[in-house]
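Protein chains in written order, with the working numbering: chain V, 6 to 411; chain B, 6 to 411; chain F, -13 to 122; chain P, -13 to 122.
All C-beta atoms, glycine included, are put in the ideal place defined by N, C-alpha and C.
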Ligand SMILES: Cc1ncc(COP(=O)(O)O)c(C=O)c1O
Ligand SMILES: Cc1ncc(COP(=O)(O)O)c(C=O)c1O
């Protein structure tokens, strides 16, 4: 993988910030977009923008073909059995809420247990809190060890004690921890527990083979994998989708509507009410092509290399403390850290002056912050367009922070 | 308003279909986009794409400023009291569902009545059917008269008998009927009934002054008013928003999250969970600028003229039957019709051969189709870029249909 | 050009549908709608002890394509065994219509009657139709 | 350049916050957090019968900006009447900080202490703070 060649395809990387080249280290929040995706958006609006499914004229048929084509590409990207197992959503958050409202309200009853982990993103906590409150169900949290890995013995115990659902992240957006999900799913299933995997931080960065992992639900955000904002998807096993009641009601998700009742459309359309983000889905299809052309194992290898380099360089800066597993092969391209003298916000502000964009805050993982006993952390997250020189500049920036707060 | 000059700003109007210039008469489904909106999208992704609210670095602050700026523009477009009354959604459908799930599940109880009309779009029916089923509430429908206008005496009676909610469309997407909403809201309010207005077909086409109309909720689709797909909004009075429980749970809509409970963010962010469609909101802001530069009364005048011309021309084609009010000033730019010899699908297919894109089907208004006693209709819908010559070609195309099916 | 699809034969079947109507006490009866437009086709059949289609009717509302296709299909199945009927596929239907250049939306109109026919036959012989490749 | 905002005086207040800690039986006590980062500031005050601030403390976690701003604010209110405290605005706080070029995100850090202060004072005098233009 030639990083310089890849970088040339991302127009935003040519921009400067405060007179310095932009160094974008916040792909964990949202990724940048290659020219191919931007061009696909322009082409859509300049050549065949139309509502899908419902039109019998030429441009509507073109839009429908591209929209459903994107579903096929997305399905094959994660090795789903069929395109009907992919429901387009705004992102991971909407996808998890869809499951909580539709599957959850039907299947979770009083006293039922839902297993979560302390490393979850708020998007994989709040929907279950709301559901648990409505149904009087119970939430149980698996803790992490000192390296930021799941305490699997604790998880095993909870699984054995029984639960209706296990909802966990594939890769932590703070610790970077890659959870051993295949093994976890196997155990959960043998205890009759349904598993939702939050793939927001894995699907963009590594090969995720849903049939190999075997989970029941997978959620992901297109905008974190080179696609437009407002794009993302839910994968669910077809039988589950078919049994689930609808979530949003409206146009296109119905077969027949009468004054007092209605019949639903087939899956996945049953869950796609109203005019969808057609541009977003088409852009997601193009993003998937882009990633598959590069090869997800190459993407992963690149990120392992740069993450390893970052772990090394950052730990050389005095006063920096890094969170998460020390071994690169059990972590994603996310490095959260604190400095003893400076608050994460101040770190981020000073780095911004150097053109370096990192995130500072709770990263939508307040329970994890509480567990780590920090109010906030700074976080650099990498993607296929980042290079080692950028890590050097990051480390240099942190030296400046140290000087300012010395 | 110079239509030719406007048309030049819509790149798709330069395309041909089956060797003929595209004549797009399906703006009721989704509108075309001006170059200004397409450029704004490209600029966003090429220059300052970043997640909003959570970043303290330069491009995130730029994105946040544009995103929140779009909220301000949208608020002032409909004359809302403050930007906090605008919640961005994927479109009208998501906005209505948000109200049904959040406001509805809290405020509607067994035996409560919800008033709808037979001219509603499925998006303003199904969410209430789902809610009514859950809460054992009752749906009541107001009928239409022979001209396709609401039977206001019937509505008045239902209002007087009492209800919790009246949810109705401002402009019918089939009949074109413009409902006298200000008067209706006044009566509903004086009987303590909350009013939701479906503005999908009004907000893009005429001046909608929310303080003048006085309704409690208004929903609209950005993609029907020159903005990107996946964009739209809910307006709600701030007091209502503040009292409403959250809908989707996740990042950004919270203030504090603990393992078993959470505190919500201020409105409107309480209702914007997860990464939003940032590009879509920014594009909506640019679309609003575009419309305000033209002036909504000019847009409306243009559409009245072209609709009047279409009513005249189409009724000259033998065998054509037009639905909805005959008087142009009480209808929007939507003309639904049938032909005695040809099925709407066949009409649309033959017109497609002429480069003319119209819609054929139930237009997501099956109860209205049942009421009109037709399985489907053909529909031409106009917007600011349509011109009279296109209506002539439409009429010519219908003559061809007549010949084929003679 | 798209209205080349409206060939004489299609218009003829549309205007003068064969076997249009209902049967008394049909052995097979199935109905489906096209969610795009709400068009409905119902097919009814009488089958004798040897599994031969003795009589067939269709009814419902539809566009020229769906109606012509249904009309032609009724002609095709008349006198055939149920095994032969099961073997009828997408290709046969489109051949019958003269292989018009239908877009993805209109092709659903063309295949609605076939879908209804298969649902009827499969449920008559008590089998799920899941694996019928022609119906995807 | 952004780190010009870290002037000596801000760093000094950050590293050596004035009036940091808690009071016994404070008359006013208020607390708020910045949802962006989870930073928390609490302000406590003792007020005498004439409505004069006799003693003030702040505590909590925060970045240099929010902490320095809180620290400076406590110096500012000491000995003032509550009416004078109510009159303190955004501009005063930013002037105090030397009007650094804060972006929209960091300005929330700078104003967090002011917001907490006002919440405390308004609830002490039993008034809603809705109309305080400086807090939007
Ligand atoms: C692990 C994880 N889950 C969920 C989300 C939420 O994704 P989105 O904001 O696209 O809905 C994110 C990203 O913010 C994440 O990192
Ligand atoms: C009157 C009306 N309401 C609701 C909708 C649904 O809007 P959307 O598809 O953008 O959610 C539409 C458009 O399809 C409409 O015309």
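At a cut-off of 7 Å, the C-beta of residue 127 of chain B has a neighbouring C-beta in chain V.
Of all residues in the region 46 to 69 of chain B, only 46, 47, 50, 51, 52, 53, 54, 55, 56, 59, 60, 61, 62, 63, 64 and 65 place a beta-carbon less than 8 Å from a beta-carbon of chain V. When V/324, V/76 and V/341 are compared, the shortest CA-CA separation from residue 331 of chain V is found for V/341. Residue state for residue 145 of chain B is assigned as strand, using DSSP reduced to three classes. Around the beta carbon of residue 303 of chain B, fewer than 16 other beta carbons lie within 10 angstroms, which makes this residue exposed. For residue 336 of chain B, the number of other beta carbons within 10 angstroms of its own is at least 16, and it is reported as buried. Around residue 252 of chain B, the same chain offers 103, 106, 107 and 276 as residues with beta carbons nearer than 7 Å, after the five sequence neighbours per side are excluded.
Here the region 222 to 233 of chain V lies against the region 200 to 211 of chain V, with 3 or more beta-carbon pairs under 8 Å apart. Between residue 36 of chain B and residue 229 of chain B, the beta carbon gap of about 5 Å places them in contact (Cβ cut-off 8 Å). Take residue 392 of chain B, set aside five residues on each side of it, and the residues of its chain with a beta-carbon closer than 6 Å to its own are 8, in chain order. The Cβ neighbour count for residue 115 of chain V, taken over all protein chains shown within 10 Å, is under 16; the residue is labelled exposed.
Between residue 66 of chain B and residue 91 of chain P the beta-carbon gap is near 6 Å, inside 8 Å, which marks them as a contact.
Under the DSSP definition of a beta bridge, residue 192 of chain V lacks any partner.
Contact annotation: in the region 329 to 345 of chain B, no residue has its CB less than 9 Å from a CB in chain F. Distances from the CA of residue 39 of chain B to each of B/351, B/279, B/388 and B/51 were compared; the closest alpha carbon is that of B/388. Our two residues, residue 112 of chain B and residue 167 of chain V, have alpha carbons roughly 36 Å apart in a direct line.
Annotated as proximal: residue 360 of chain V and residue 27 of chain V, with beta-carbon spacing under 7 Å.
Contact between residue 51 of chain F and residue 16 of chain F does not hold, since their C-beta atoms are separated by about 19 Å, which reaches or exceeds 8 Å. Following the DSSP letters along the chain, one finds residue 17 of chain F inside the beta strand (DSSP E) bounded by residues 14 to 20.
Neighbours of residue 260 of chain B in chain P, taken as residues at a C-beta separation under 8 Å, are given in chain order as 19 and 21. If you look at residue 8 of chain P, you'll find it isn't in any beta strand (DSSP E); DSSP assigns it neither H nor E. The continuous alpha helix (DSSP H) containing residue 314 of chain B extends over residues 301 to 320. DSSP places residue 173 of chain V in the uninterrupted beta strand (DSSP E) bounded by 170 to 174.
If you look at residue 133 of chain V, you'll find it in the alpha helix (DSSP H) that goes 131 to 140. Taking 6 Å as the cut-off, the C-beta of residue 206 of chain V counts as close to a heavy atom of ligand 1.
Distance between residue 404 of chain V and residue 321 of chain V, taken at the CA atoms: about 10 Å.
Each residue's CA atom was taken as its position, placing residue 195 of chain V and residue 164 of chain V some 9 Å apart.
Among the residues facing chain V, residue 91 of chain F is included, as its CB has a counterpart in that chain under 7 Å away.
Take the alpha-carbon of residue 53 of chain B and the one of residue 292 of chain B: they are about 19 Å apart.
Residue 109 of chain B places its beta carbon 7 Å or farther from that of residue 328 of chain B. Closest option to residue 146 of chain B, judged by alpha-carbon separation, among B/136, B/137, B/159 and B/139: B/159.
Its chain contains 83, 225 and 230 as the residues whose beta carbon lies nearer than 7 Å to that of residue 208 of chain V, once the 5 sequence neighbours on both sides are disregarded; these appear in chain order. With distances taken between CA atoms, residue 36 of chain P lies nearest to P/66 out of P/66, P/48 and P/8. Residue 326 of chain V sits exposed, since fewer than 16 C-beta atoms from the chains shown fall within 10 Å of its C-beta. Within the chosen limit of 6 Å, ligand 2 reaches the beta carbon of residue 97 of chain B through at least one heavy atom. Residues of chain V whose Cβ lies closer than 7 Å to the Cβ of residue 130 of chain B are, in chain order, 262.
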